[in-house]
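Asks:
Residue numbers (the numbering used here), protein chains in the order written: chain A, 1 to 388; chain B, 1001 to 1289.
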C-alpha cells in the first residue's frame, strides 16, 4: 500500500514535468503561421507545440522585469521591437551593469536559426537558449542564478500568471515551472517572424516594391557584375543568401544541418589571427586556433535598424561595413587591437575585397534598407504588454 | 480496486511515453540473484590538511601562495564501482528513494552551505547497494554521464535540476564548481567550473549531440576499504603549481574549462585531463584517507 501511495503521488509529478505532452488533446485551435508562401514554416519541437495562449504568456514573460534578479531588466530590455529586437548598443549591458562581450542579436526569425547566438554550435533550441540570459553567471545578463524558486514565486504571486500558465499548459496540474517558462518564451520568439519587407513583396511578384536603386543593389548582392567588370564581385549571398539572408538557417522541412561560422577579417592581432581576448568566436568553445574569429553570419533582415554591426558592435554604419568588405578585412593601425584583418589566416576565402563605385555602394545600401520590415517594428502582437 | 489498477496502468503508460531511458527512480530491486548489501562511500572536501569549510579563507594556495576565501565546493560523480575479491569492479546501485542527491548512476556531492548560489543542504556520501561480498577498491568518474548530461535541465530529476550546477552555454552540467568570494558583488573572484566543452548540437534533432572534450575525471583507487576509508577531494592539490593571482587576458578569472584559457592548464594537469594537446597524468585531486 505504501508503494501504491508513492505511485499515486508520482503521477501528477510526471504529468507536471510536461514530458511528451503533445497538447493534441487540448481544445486550443491549431496554430496558423502568418507567413508568405515564399517562406517555410519554422521547426517546432514536438514537446512545445504552438498555441495562442502559450505565445501570449511568452510575450508577457519576454517583457517582464520579474525575470531579472533585481527586477530592472526583461528580455525586451536588450531586444527592443523598434530596433528589430536589438538594443542599439555595441555591447549589451546586463541587469547588474556588467557589459557583455557581444552585441545583442535580433530575435526576429530566431526560430529559423540553425544555431543561436553569435558562435555556439551546441545552441540550437530556443527553449535551451532562454536559460542563458536568465541564469548565466559569466556574463550576468538577467542575473537569476540560484533564484529559480524566487522566479516561480514571483510568477505564482502575480495577478495574471497563474491563469495564463494554466491556459498555456492545460495538461499540467502545476504549470508554473521553469520548463514552461522557457517553452512559452520560445513559442513567443518562434512566431516573431519578419518577412514583409519591400524585398519580400518584390519576391512575391510586386514589381512596384523596389525602386531602381534597390533593384540594382539587389542584383549586385546576388552575384551581379560590378562596374569594374567582375562577376559576383561582392559575393554577399554566399553567406547571406536564402530566405533568412543568412545561409545558417533551419526550418521544418530542412533535413541538413546548415550551421556554419566564418572569420570575416575584423581583427588580426598576431600570427594566429587572434581576435581581442574574451571575444574570439568559435575558438572559445573549441580551443582550435583555426576557429579564432569565426562567428555565425547573421541574418541581414532589418539590418538597417540594427546598428552598430558585427559581434562586438565595432562597426557603426552600413557604409563602413561595405568599406570593410571592399577592403577584404579591417586595418587597425594602433592600439591593443592593431593588426590587418585582411591578412587573418582564418579569414573566409570569399572575402578578397572588391572595387565598388560610390553608386554601387549607395545601391547596395538601398537594397539592404529595403530588407526592413516595418510591420515587425510595429506589430502589436510582438509589443510590450507592460508599456503604458 | 478497479480504479487503483487503472491508475497504476496509467502511470506505466505515461512513464513509457516520456521516452526516459529507464531506471529513473527505480527501486533498484534486482532481487533474486544473491542478496544485496548497503554500502556508503564517504567523501570529504579538503584544502590541503584542513577540512573545507564554506566561507573560510585558505592560505598558501598554488604557485604564488595565494589566499582565497572559498564559498562553493560541489561536484558530481558517476559510475561508482567497488572492486570485489575477484578483482572485478561491481557497480554500486545508487539509492534513489529520497529523490534528492542521486539518480540513475550519478550523485551530487555538496560541501557548501554559504554560497549565494547554493543552499544550506550538504551531502558527503554516495549510498547504494552491492552484492554481498568483500570489496577493497573503488573507481568512479567526476562527471555526469553523457546520456544524462545534455537533457533538458528544466525537467531533469534531482540532483540534475540544480540550476547553478548547469552550464547552459555548453549545454551540459558543471561537473565541478568551486568558487571564491561573493560573485554577485565582485565578478573578478577566482572560480573553477569544469564540464564538457567544444560541444555540438544538431538543429534537426535538437539538443547537444557530442562534445570533443569530455573533461570527466577518471578516478581509480586500487586500495579502498568502503568500511573505513574516505575519498578526499583536495582543492590545494588541484591548484598545485597554478598561479592563482595571474589571469590570462580576456578569460574568466580562474578557469571555466575554456580550451583557450591557459589558466586551466595546470588545473587540468592536476585533474588528469588533457589540455591543449597535453598528455594527462594521473589525477591528484582525489585521494584516499
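The beta carbon of each residue, even a glycine, is placed where N, CA and C say it ideally should be.
All values derive from a computational prediction rather than experimental measurement.
In whole angstroms, what separates the C-alpha of residue 1213 of chain B from that of residue 1195 of chain B?
Replies: Spanning the two alpha carbons is a distance of roughly 9 Å.
Asks: Quick one: give me the first and last residue of the beta strand (DSSP E) that residue 1201 of chain B is part of.
Replies: 1197-1201
Asks: Is the segment 321-330 of chain A in contact with the segment 100-115 of chain A, if contact means three or more CB pairs nearer than 8 Å?
Replies: no
Asks: Reducing DSSP to helix, strand and coil, say where residue 1127 of chain B ends up.
Replies: strand
Asks: Any idea what DSSP makes of residue 81 of chain A, helix, strand or coil?
Replies: Three-state DSSP puts residue 81 of chain A in a helix.
Asks: Relative to the alpha-carbon of residue 235 of chain A, which residue among A/150, A/157, A/326, A/261 has its alpha-carbon at the smallest distance?
Replies: A/326
Asks: Give a yes or no on whether 8 Å exceeds the smallest Cβ distance from residue 1189 of chain B to chain A.
Replies: no
Asks: Which residue marks the beginning of the beta strand (DSSP E) containing residue 185 of chain A, and which one marks its end?
Replies: No beta strand (DSSP E) holds residue 185 of chain A; the alpha helix (DSSP H) holding it covers 178-190.
Asks: CB residue 197 of chain A to CB residue 84 of chain A, shorter than 8 Å?
Replies: no
Asks: Chain B beta carbons: is any one of them nearer than 8 Å to that of residue 48 of chain A?
Replies: no
Asks: Could you tell me whether the Cβ of residue 285 of chain A comes closer than 8 Å to any Cβ of chain B?
Replies: True, the Cβ-Cβ gap to chain B drops below 8 Å.
Asks: Identify the continuous alpha helix (DSSP H) that holds residue 325 of chain A and give its terminal residues.
Replies: Element bounds for residue 325 of chain A: 318-327.
Asks: Does any residue of chain A have a CB that is nearer than 8 Å to the CB of residue 1169 of chain B?
Replies: Interface residue (Cβ-Cβ distance to chain A less than 8 Å): residue 1169 of chain B is classified as such.
Asks: What's the C-alpha gap between residue 241 of chain A and residue 1256 of chain B?
Replies: 36 Å
Asks: Are three or more beta carbon pairs between the segment 160-171 of chain A and the segment 54-64 of chain A nearer than 8 Å?
Replies: Taking one beta carbon from each stretch, the segment 160-171 of chain A and the segment 54-64 of chain A have 3 or more pairs nearer than 8 Å; the two touch.
Asks: For residue 1130 of chain B and residue 1231 of chain B, I'd like the C-alpha separation in whole angstroms.
Replies: 18 Å
Asks: From the DSSP secondary-structure annotation, give me the bridge partner or partners of residue 1069 of chain B.
Replies: B/1057.
Asks: When the cut-off is 8 Å and only beta carbons count, does residue 1280 of chain B lie next to chain A?
Replies: no
Asks: Would you kindly report the start and end of the unbroken beta strand (DSSP E) that includes residue 1218 of chain B?
Replies: 1217-1221
Asks: Do three or more CB pairs link the segment 1061-1071 of chain B to the segment 1234-1253 of chain B at distances below 8 Å?
Replies: yes
Asks: Assign residue 267 of chain A to buried or exposed, taking buried as 16 or more other Cβ atoms, counted over all protein chains shown, within 10 Å of its Cβ.
Replies: buried
Asks: Should residue 386 of chain A be labelled buried (16 or more other beta-carbon atoms within 10 Å of its own) or exposed?
Replies: exposed
Asks: Just grab the DSSP bridge partners of residue 1172 of chain B for me.
Replies: Paired residues: B/1167.
Asks: Residue 1228 of chain B versus chain A: which residues are under 7 Å apart at the beta carbon?
Replies: Here the premise fails: no neighbours, minimum Cβ distance about 34 Å.
Asks: Taking buried to mean at least 16 other C-beta atoms within 10 Å of its own C-beta, is residue 374 of chain A buried or exposed?
Replies: The residue is exposed, with fewer than 16 neighbouring Cβ atoms inside 10 Å.
Asks: Rounding to the nearest angstrom, what Cα-Cα distance links residue 351 of chain A and residue 195 of chain A in this structure?
Replies: Distance from the CA atom of residue 351 of chain A to the CA atom of residue 195 of chain A, rounded to whole angstroms, is 28 Å.
Asks: Hey, does residue 1256 of chain B have any beta-carbon neighbour from chain A nearer than 8 Å?
Replies: yes
Asks: What residues of chain B sit near residue 179 of chain A, judged by a beta carbon separation below 8 Å?
Replies: 1152, 1154, 1155
Asks: Is the Cβ of residue 1263 of chain B closer than 8 Å to any Cβ of chain A?
Replies: no
Asks: Can you give me the C-alpha to C-alpha distance between residue 134 of chain A and residue 153 of chain A, rounded to a whole angstrom?
Replies: 15 Å
Asks: Specify the secondary structure class of residue 213 of chain A as computed by DSSP and reduced to three states.
Replies: helix
Asks: Give the single residue among B/1150, B/1106, B/1266, B/1169 whose Cα lies nearest to the Cα of residue 1235 of chain B.
Replies: B/1266
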